[in-house]
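One structure is given below, encoded as C-alpha coordinates.
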Amino acid sequence: MKIQALLLLEVASLLVCNCEHLIIGDSSNKDMVYHTAARFNAIPYKRRVENIFYSNPQQKKIKSILVYDNMHSDAIARVTAGGVGYTFVNIRLKSEKGRRVDYDIGIYA
(Lines of atoms letter the chains of each structure in order from A and count residues from 1; the text may use other names and numbers.)
(Lines give C-alpha, C1' and ligand atoms only; values in the text may rest on other atoms or scores of the structure.)
Protein backbone atom coordinates (compact mmCIF):
# COMPACT_ATOMS: atom_id res chain seq x y z
CA MET A 1 0.00 0.00 0.00
CA LYS A 2 2.79 2.43 0.90
CA ILE A 3 4.66 1.60 -2.30
CA GLN A 4 1.56 2.36 -4.39
CA ALA A 5 1.09 5.69 -2.64
CA LEU A 6 4.74 6.63 -3.19
CA LEU A 7 4.56 5.58 -6.83
CA LEU A 8 1.41 7.66 -7.34
CA LEU A 9 3.09 10.66 -5.70
CA GLU A 10 6.16 10.25 -7.94
CA VAL A 11 4.07 10.07 -11.12
CA ALA A 12 2.04 13.10 -10.06
CA SER A 13 5.19 15.12 -9.38
CA LEU A 14 6.59 14.21 -12.81
CA LEU A 15 3.39 15.36 -14.49
CA VAL A 16 3.39 18.64 -12.59
CA CYS A 17 7.04 19.31 -13.46
CA ASN A 18 6.34 18.75 -17.16
CA CYS A 19 4.30 21.92 -17.64
CA GLU A 20 5.19 24.95 -19.72
CA HIS A 21 4.45 27.56 -17.03
CA LEU A 22 6.63 28.49 -14.07
CA ILE A 23 4.80 29.44 -10.86
CA ILE A 24 6.79 30.01 -7.69
CA GLY A 25 5.27 31.33 -4.46
CA ASP A 26 1.79 32.66 -3.72
CA SER A 27 0.56 35.75 -5.57
CA SER A 28 -2.74 36.22 -3.71
CA ASN A 29 -3.04 39.61 -1.99
CA LYS A 30 0.39 40.66 -3.24
CA ASP A 31 1.31 43.76 -5.24
CA MET A 32 2.52 43.21 -8.80
CA VAL A 33 5.82 45.08 -8.96
CA TYR A 34 6.87 44.03 -12.47
CA HIS A 35 5.14 42.78 -15.61
CA THR A 36 6.54 42.26 -19.07
CA ALA A 37 5.68 40.43 -22.25
CA ALA A 38 8.82 38.61 -23.37
CA ARG A 39 8.41 38.05 -27.10
CA PHE A 40 11.39 37.13 -29.26
CA ASN A 41 11.39 35.93 -32.87
CA ALA A 42 12.57 32.47 -33.85
CA ILE A 43 16.03 31.66 -35.14
CA PRO A 44 15.83 28.91 -37.78
CA TYR A 45 17.27 25.57 -36.60
CA LYS A 46 18.47 27.07 -33.29
CA ARG A 47 17.17 27.46 -29.76
CA ARG A 48 16.48 30.98 -28.64
CA VAL A 49 17.87 31.73 -25.15
CA GLU A 50 16.99 35.00 -23.42
CA ASN A 51 17.53 36.26 -19.88
CA ILE A 52 15.08 38.57 -18.11
CA PHE A 53 16.54 40.36 -15.08
CA TYR A 54 14.55 42.28 -12.47
CA SER A 55 15.85 44.09 -9.41
CA ASN A 56 13.47 45.78 -6.97
CA PRO A 57 14.58 49.40 -6.44
CA GLN A 58 12.74 49.61 -3.08
CA GLN A 59 14.53 46.47 -1.82
CA LYS A 60 11.22 44.63 -1.26
CA LYS A 61 11.55 40.86 -1.19
CA ILE A 62 9.91 38.95 -4.02
CA LYS A 63 6.96 36.84 -2.83
CA SER A 64 5.88 35.21 -6.09
CA ILE A 65 6.97 34.74 -9.70
CA LEU A 66 4.58 33.81 -12.51
CA VAL A 67 5.99 32.97 -15.95
CA TYR A 68 3.20 32.01 -18.36
CA ASP A 69 3.92 30.44 -21.77
CA ASN A 70 1.40 31.96 -24.18
CA MET A 71 2.20 29.44 -26.94
CA HIS A 72 1.83 26.35 -24.70
CA SER A 73 5.06 25.06 -26.23
CA ASP A 74 7.83 22.90 -24.82
CA ALA A 75 9.94 25.97 -24.08
CA ILE A 76 11.68 26.11 -20.70
CA ALA A 77 11.65 28.89 -18.10
CA ARG A 78 14.01 28.71 -15.12
CA VAL A 79 15.09 30.97 -12.29
CA THR A 80 18.89 31.08 -12.45
CA ALA A 81 19.58 33.68 -9.75
CA GLY A 82 17.66 35.23 -6.87
CA GLY A 83 13.93 34.57 -6.84
CA VAL A 84 11.42 34.27 -4.00
CA GLY A 85 12.89 35.70 -0.80
CA TYR A 86 15.38 37.89 -2.67
CA THR A 87 15.14 41.43 -4.04
CA PHE A 88 16.21 40.37 -7.55
CA VAL A 89 15.59 37.57 -10.03
CA ASN A 90 17.09 36.34 -13.29
CA ILE A 91 14.77 34.24 -15.45
CA ARG A 92 16.20 32.21 -18.32
CA LEU A 93 13.85 31.50 -21.23
CA LYS A 94 14.83 28.78 -23.70
CA SER A 95 12.70 28.02 -26.76
CA GLU A 96 12.29 24.89 -28.81
CA LYS A 97 14.46 24.63 -31.93
CA GLY A 98 13.20 27.01 -34.59
CA ARG A 99 10.33 28.35 -32.44
CA ARG A 100 9.81 31.79 -31.01
CA VAL A 101 9.58 32.75 -27.33
CA ASP A 102 6.31 34.24 -26.05
CA TYR A 103 5.96 34.58 -22.27
CA ASP A 104 4.10 36.85 -19.86
CA ILE A 105 6.13 37.45 -16.72
CA GLY A 106 4.70 38.81 -13.48
CA ILE A 107 6.65 39.41 -10.28
CA TYR A 108 4.86 40.06 -6.98
CA ALA A 109 6.21 41.55 -3.73
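Per mature numbering (1 follows the signal peptide of the UniProt record, and there is no 0): the sequence shown = residues -19 to -1, 1 to 90. Each residue gets a CB set at the ideal place from its N, CA and C atoms; glycine is no exception.
DSSP on residue i, reduced to helix/strand/coil?
i, result
"Val82", "strand"
"Met52", "coil"
"Ile88", "strand"
"Lys11", "coil"
"Thr61", "strand"
"Ser36", "strand"
"Lys16", "One point to set straight first is that residue 16 is His, not Lys, in the sequence displayed. Of the three classes helix, strand and coil, the one that applies to His16 here is strand, per DSSP."
"Glu77", "coil"
"His66", "According to the sequence as given, residue 66 is Gly; it is not His. Coil, per DSSP."
Shortest alpha-carbon distance to residue i belongs to which of the options?
i, options, result
"Arg29", "Asp12, Tyr84, Ser9", "Tyr84"
"Arg20", "Ser9, Val48, Pro38", "Val48"
"Asp7", "Lys78, Thr61, Ile43", "Ile43"
"Thr17", "Gly66, Ser54, Phe34", "Phe34"
"Gln40", "Ile24, Phe69, Arg59", "Phe69"
"Asn37", "Ile57, Tyr67, Ile72", "Tyr67"
Buried or exposed: where does residue i fall if 16 or more other Cβ atoms within 10 Å of its Cβ makes it buried?
i, result
"Lys27", "exposed"
"residue 125", "Any property of residue 125 remains undetermined from this structure, which presents the chain solely from -19 to 90."
"Tyr89", "buried"
"Ile4", "exposed"
Would you say residue i touches the ligand SAM, meaning its beta carbon is less than 7 Å from a heavy atom?
i, result
"Glu1", "As for the ligand SAM, it is missing from this structure, which has no ligand bound."
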